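Asker: Residues in the sequence shown are numbered consecutively from 1, following UniProt numbering. Have a look at this one.
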Amino acid sequence: MPVAQARAKVNLFLHVTGRRLDGFHTLDSLAVFPPVGDTLRLESGTGLSLAIDGPFGAGLSGEADNLVLRAARSFADAIGRSPDIAFTLTKNLPVASGIGGGSADAAASLRLLAAHWHRAVPPDLAVSLGADVPVCLESRPARMGGIGEILAPAPQLPDFGMVLVNPGIAVSTPAIFVARTGDFSLPAGLPARWNDAAAMAADLARLSNDLEAPAIRLAPAIGEVLAALRSTPNCLLARMSGSGATCFGIFPTGADAARTAASLARPGWWAWGG
Ligand SMILES: C[C@@](CO)(OP(=O)(O)O)[C@H](O)COP(=O)(O)OP(=O)(O)OC[C@H]1O[C@@H](n2ccc(N)nc2=O)[C@H](O)[C@@H]1O
Ligand SMILES: Nc1ncnc2c1ncn2[C@@H]1O[C@H](COP(=O)(O)OP(=O)(O)O)[C@@H](O)[C@H]1O
Numbered sequence: 001m002p003v004a005q006a007r008a009k010v011n012l013f014l015h016v017t018g019r020r021l022d023g024f025h026t027l028d029s030l031a032v033f034p035p036v037g038d039t040l041r042l043e044s045g046t047g048l049s050l051a052i053d054g055p056f057g058a059g060l061s062g063e064a065d066n067l068v069l070r071a072a073r074s075f076a077d078a079i080g081r082s083p084d085i086a087f088t089l090t091k092n093l094p095v096a097s098g099i100g101g102g103s104a105d106a107a108a109s110l111r112l113l114a115a116h117w118h119r120a121v122p123p124d125l126a127v128s129l130g131a132d133v134p135v136c137l138e139s140r141p142a143r144m145g146g147i148g149e150i151l152a153p154a155p156q157l158p159d160f161g162m163v164l165v166n167p168g169i170a171v172s173t174p175a176i177f178v179a180r181t182g183d184f185s186l187p188a189g190l191p192a193r194w195n196d197a198a199a200m201a202a203d204l205a206r207l208s209n210d211l212e213a214p215a216i217r218l219a220p221a222i223g224e225v226l227a228a229l230r231s232t233p234n235c236l237l238a239r240m241s242g243s244g245a246t247c248f249g250i251f252p253t254g255a256d257a258a259r260t261a262a263s264l265a266r267p268g269w270w271a272w273g274g
């Protein structure tokens, strides 16, 4: 049975650089894809269906607006096919959490269908499903511009560890963009490569996630997560990803990160490290 991984997307920094006339914001961001995520399975079926399991499956229904099904219907419409597909989604990532789980699921749906139908994903289909879907379709480190859909190579990244922590609060992306105040940021200047995790964290520390302050105002638990991450040994940088509420910590090694994630277990919190 064909299976696709839908890895979490983490924004190592996120500058909001402007606002388009249609209300979407222009961004400069560096996205990475740690090895944690949802799993999507495809089987031939009659009609289009979605079954959902996994630790965060109960928070989502297999309804028509699920991004897995929206992606499949859009792809089928674009190439004039009927989508006779039974999907099963194992939802391991918290929902509405700033790590693009829904976007990664949509991208996984497109990848599985492209292989199943022997057809390329039509241009512009990914971004029509969400600003984060193009980068999730690539699912490798990338610099995001435009509203997220213009992708450029990332700097060469060193080995490093990452911890993800979510305080169990769903955060609405549009609400956070609306709550943002102040001037727009400039795009960041980045080197072609970082030699080690400390050098990467030092450069990233000079940048920001412009959505972090408004998200903390709307969901103060995000501040608690950041404080908890910053108080752990060896944490080189802690910051929120996307529109929150998930925060990440950068650590020298994956072993440091795995140990730290285990130490951050709290009732209602989700933590991963590797
Ligand atoms: C903020 C980011 C950063 O990577 O991550 P998440 O918090 O979603 O993980 C993304 O830009 C989110 O992308 P995505 O979740 O696909 O957003 P969409 O469904 O396209 O848009 C949801 C809403 O967010 C706002 N939006 C989104 C993207 C963008 N560049 N400007 C915006 O203003 C708009 O109000 C839009 O109606
Ligand atoms: N397969 C899916 N997984 C997660 N969320 C989904 C999915 N399909 C639709 N959604 C909806 O998309 C919204 C954004 O979810 P998600 O991508 O997890 O968060 P974020 O955009 O903050 O990273 C949620 O409010 C959720 O109801």
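Where is the CB? At the ideal position from N, CA and C, for every residue including glycine. Computed from a predicted structure; not experimentally measured.
Which residue wins for smallest C-alpha separation from L237, given the options F160, L218, A221 and A179?
Answerer: That would be F160, whose Cα lies nearest to the Cα of L237.
Asker: Whole angstroms is fine: what's the gap from P167's alpha carbon to N11's?
Answerer: Whole-angstrom Cα-Cα distance: 18 Å.
Asker: Should the region 243-253 be regarded as contacting the region 214-232, the criterion being three or more beta carbon pairs within less than 8 Å?
Answerer: A contact exists between the region 243-253 and the region 214-232.
Asker: Beta-carbon separation of L93 and G101 under 8 Å?
Answerer: Against a cut-off of 8 Å, the Cβ pair of G101 and L93 comes out as a contact.
Asker: Taking the beta carbon of E43 as the centre, do at least 16 other beta carbons fall within 10 Å, making it buried, or is it exposed?
Answerer: The residue in question, E43, is exposed, as its Cβ has fewer than 16 Cβ neighbours within 10 Å.
Asker: Quick one: is L137 buried, meaning 16 or more other Cβ sit within 10 Å of its Cβ, or exposed?
Answerer: With 16 or more Cβ atoms within 10 Å of its Cβ, L137 is classed as buried.
Asker: Could you give the C-beta distance for residue 288 and A131, rounded to a whole number, given that I count them as a contact under 8 Å?
Answerer: Here the chain covers residues 1 to 274 and nothing more, so residue 288 does not appear.
Asker: Per DSSP, which one or two residues make a beta bridge with E26?
Answerer: Note on residue identity: the sequence assigns Thr, not Glu, to residue 26. According to DSSP, T26 bridges with G18.
Asker: Beta carbon of F177: closer than 7 Å to some heavy atom of ligand 1?
Answerer: Yes.
Asker: Hey, how far is the Cα of A71 from the Cα of A106?
Answerer: Cα to Cα, A71 sits roughly 5 Å from A106.
Asker: Can you give the Cα-Cα distance for L186 and V16, rounded to whole angstroms?
Answerer: Straight-line Cα distance between these residues: approximately 8 Å.
Asker: I need the straight-line Cα distance from G47 to A96, nearest angstrom please.
Answerer: Taking the straight line joining both Cα atoms gives about 28 Å.
Asker: Can you say whether T181 is buried or exposed, counting buried as having 16 or more other CB atoms within 10 angstroms of its CB?
Answerer: With fewer than 16 other Cβ atoms within 10 Å, it is exposed.
Asker: Pairing CB atoms from the region 115-133 with CB atoms from the region 265-272, are three or more of them under 8 Å?
Answerer: Output reads no: the region 265-272 does not touch the region 115-133.
Asker: Among G80, L157, M144 and A179, which has the Cα closest to the Cα of V121?
Answerer: Answer by Cα proximity: G80.
Asker: Looking at M162: is its Cβ nearer than 8 Å to the Cβ of P55?
Answerer: In this structure, P55 does not lie closer than 8 Å to M162 by Cβ.
Asker: Reducing DSSP to helix, strand and coil, say where W194 ends up.
Answerer: If DSSP states are grouped into helix, strand and coil, W194 belongs with coil.
Asker: Can you check the region 147-216 for any alpha helix (DSSP H) of at least 4 residues that lies completely inside it and give the ranges in chain order?
Answerer: Here the runs fully enclosed are 173-179 and 197-205.
Asker: If you count every other CB in all the chains shown that lies within 10 Å of the CB of R119, and 16 or more means buried, which is it?
Answerer: Classification of R119: exposed, given that the 10 Å Cβ count is below 16.
Asker: Measure the beta-carbon distance from L151 to V135 and round it to whole angstroms, keeping in mind my assumption that it falls under 8 Å.
Answerer: Yes, L151 and V135 are in contact; Cβ-Cβ is about 6 Å, under 8 Å.
Asker: Straight-line CA distance for R20 to A175?
Answerer: Those two C-alpha atoms are separated by around 17 Å.
Asker: Between V68 and ligand 2, is the CB less than 7 Å from at least one heavy atom?
Answerer: Yes.
Asker: Per DSSP, S61 forms a beta bridge with which residues?
Answerer: Answer is none; S61 lacks a bridge partner.
Asker: Please report the Cβ distance between V171 and G98, rounded to the nearest whole angstrom; I am assuming they are in contact, meaning their Cβ atoms lie under 8 Å.
Answerer: Correct: roughly 7 Å between the Cβ atoms.
Asker: Exposed or buried, what is E63 when buried is set at 16 or more other beta-carbons lying within 10 Å of its beta-carbon?
Answerer: Burial call: exposed.
Asker: Less than 7 Å separating the Cβ of D65 from some heavy atom of ligand 2?
Answerer: Result yes, Cβ under 7 Å from ligand 2.
Asker: Just mark F13 as buried or exposed, buried being the case when its beta carbon has 16 or more other beta carbons within 10 Å.
Answerer: So F13 ends up on the buried side.
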